[in-house]
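All letters in the sequence shown, in the order written, are residues 1283 to 1587 by the working numbering. Taking it in order: structure first as structure tokens, then the write-up.
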Amino acid sequence: MSTAVLVAIPTYRRPVELERLLSRIDQLDIAVPVTVLVADNDPERRQGEEVVAALAAHSYRFPLEAITVSAKGLANVRNTLFTHALSHHTFTHIAMIDDDEWPDAPWLGELLRVQKTTGADIVGAPVASIFEGTGGSWVRRARLFQPEARPEGPCQIIWASNNVLLTRDCIETAGPPWFDLAFNITGGEDVELFTRLKAQGKRFAWAPGALIFESVPRERTQARWLLRRGLRIGSTDARIQLRHGTGRLHRVRTVSKAVLGLIASLSLLPLRALSGKRRADGLFSAARAAGKFYGFYGGRVHEYQ
């Protein structure tokens, strides 16, 4: 089968951002067939569907379709995207991007090039933060907002699904449900999937040239948000580690590492407070370490409730 890509986009009450994303996809520098599938997770307002209908009516470059997902949550909408894509479309690869992001023209071509070169089942790429509004909050300097820097080529795993390419064969062999509903409103469903795929022998690669951009609203540049995000990521990481490990010894080791990480993070906070970047990274690290300890004992942060 010749190469064909389906671009899968989950959306929820971001019509302006979705229109920007679809407009930039329309400008991609790509020669292979592309289909765009949008899953609107808001059955009441259906703003995503309205955006798709308006663009499709004005000679959009690629086939463009919207579906409605009534069941709330990240895992539900991503599972529906995969299910609908496999049932209704012919493609060799599926690319995932979020509705508050947008790519440059080389994005999809770079993902495909690296996948072909490496033979990887899953290819990830970096995301650059674009901050809304003005002001120089020290929180903006956190490593969390910087594009992940890795060399091009094979890698151990990737940590997010907001800029990723998967082969159809990978999706079909993994089988539904791809995204675990236990992470539906906490996040971490993508990391859990990739952890599972790695255990199944799937291969990963990194494509630094497939950079995309993410809009960061002002409220995400506050220390309170940074702490909550660190706590949430730590708690989901802990749940994933426990789920994919076996035995009492594994639990003792992982909990011990979390405790040591928390002690180390807290002890370094006074030194890190001396500069904005180190302060931001220190707060995030401490929150993440605390979140791991919290998650090991059943704690959950419902960030996407």
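The beta carbon of each residue, even a glycine, is placed where N, CA and C say it ideally should be.
Straight-line gap, residue i to residue j (C-alpha atoms, nearest Å)
i            : j            : result
residue 1506 : residue 1514 : 12 Å
residue 1326 : residue 1583 : 26 Å
residue 1558 : residue 1339 : Confidence at residue 1558 is low in this model, with a pLDDT of 49, below 50, so its placement is unreliable and the value that follows should be read with caution. Residue 1558 and residue 1339: Cα-Cα distance of roughly 48 Å.
residue 1502 : residue 1564 : 17 Å
residue 1312 : residue 1572 : 44 Å
residue 1392 : residue 1375 : 13 Å
residue 1493 : residue 1429 : 8 Å
residue 1317 : residue 1335 : 15 Å
residue 1526 : residue 1361 : 21 Å
residue 1352 : residue 1516 : 29 Å
residue 1495 : residue 1308 : 16 Å
residue 1523 : residue 1322 : 31 Å
residue 1586 : residue 1510 : 12 Å
residue 1293 : residue 1357 : 13 Å
residue 1578 : residue 1300 : 36 Å
residue 1421 : residue 1560 : 10 Å
residue 1488 : residue 1415 : 31 Å
residue 1576 : residue 1286 : 43 Å
residue 1354 : residue 1427 : 27 Å
residue 1508 : residue 1373 : 38 Å
residue 1568 : residue 1521 : 18 Å
residue 1386 : residue 1399 : 21 Å
residue 1406 : residue 1447 : 7 Å
residue 1403 : residue 1342 : 30 Å
residue 1566 : residue 1467 : 21 Å
For residue j and residue i, believed in contact at Cβ under 8 Å, the rounded distance
i            : j            : result
residue 1297 : residue 1333 : 5 Å
residue 1491 : residue 1570 : Their Cβ separation, rounded to whole angstroms, is 29 Å, which puts residue 1491 and residue 1570 out of contact at 8 Å.
residue 1337 : residue 1289 : Contact flag wrong, Cβ pair sits at about 13 Å.
residue 1436 : residue 1486 : 7 Å
residue 1519 : residue 1574 : 6 Å
Residue i: first and last residue of the uninterrupted beta strand (DSSP E) it sits in
i            : result
residue 1445 : 1445-1449
residue 1420 : Unbroken run through residue 1420: none, as it is neither H nor E.
residue 1406 : 1404-1406
Element boundaries [alpha helix (DSSP H), containing residue i]
i            : result
residue 1299 : 1297-1307
residue 1441 : Premise fails: residue 1441 is in no alpha helix (DSSP H) and is neither H nor E.
residue 1274 : The structure shown has nothing for residue 1274, since the chain only spans 1283 to 1587.
Any non-hydrogen atom of the ligand FAD closer than 7 Å to residue i Cβ
i            : result
residue 1311 : The model on display carries no ligand, and the ligand FAD is accordingly not part of it.
Between the stretch 1468-1485 and the stretch 1439-1451, can you find at least three pairs of beta-carbon atoms closer than 8 Å? yes
May I ask you to verify whether the stretch 1355-1368 touches the stretch 1392-1412, counting CB pairs closer than 8 Å and requiring at least 3? no
Contact between the stretch 1339-1348 and the stretch 1457-1466 is defined here as three or more beta-carbon pairs at a separation below 8 Å; is this criterion met? no
Can you list the alpha helix (DSSP H) stretches of 4 or more residues lying completely in the stretch 1324-1356, in chain order? 1329-1338
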